[in-house]
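Let me begin by presenting the structure, written as structure tokens, before commenting on it.
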Amino acid sequence: MKNPDVDIWLTAYDNPMKPVVAAMRDAILAADPRVGECIKWQAPTFTYKGMIASFFPKSKKHASLMFHKGAEIAGNFPNLTGDGKEARSFKVSDLDDLVTKHDELQAIIRTWCDQ
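All residue numbers for the sequence shown refer to our numbering, where the first residue is 4 and numbers rise by one.
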């Protein structure tokens, strides 16, 4: 379910990646009904039993979603990148790129909720 606070944030978001961020938001919320959203760290953040992921709002070359504990997500997700102890990133360059990554993004969200 969409949070009105995120709607307000998105309306004010002045960034060329705005359409991609909005489409990623829709895909994430549609992936699993257990997922919620809020504004945390001045950015849309997705939640289920804690923080799942937050957008990095300053990125202008791609929409960047940071999975706070992405290293703990089981499975093979080639677009979930990074080698830090906990965090992983999922980057989408444009709406066409999201089409190719959509199913993987939703699978990551469902896997998080299921584990």
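A virtual CB, placed ideally from N, CA and C, is assigned to each residue, including glycine. For clarity, every value in this text was computed on a predicted model and none was experimentally measured.
*Mark Arg91 as exposed unless 16 or more other C-beta atoms lie within 10 angstroms of its C-beta, in which case mark it buried.*
buried
_Collapsed DSSP secondary structure at Thr73 in the structure displayed_ = Before going on, a small fix: residue 73 reads as Gly here, not Thr. If DSSP states are grouped into helix, strand and coil, Gly73 belongs with the helices.
*asked:* Considering only the alpha carbon of each residue, which of Met54, Ile76 and Asn82 lies closest to Ala66?
replied: Asn82
*So is Lys63 buried or exposed if we call it buried at 16+ other beta carbons inside 10 Å?*
Exposed, because fewer than 16 other Cβ atoms sit within 10 Å of the Cβ of Lys63.
_On a Cα-Cα basis, can you pick out the residue from Asp35, Met20 and Ala46 that is closest to Ile11?_
Ala46
*Does the beta-carbon distance from Arg113 to Ala30 come in below 8 Å?*
no
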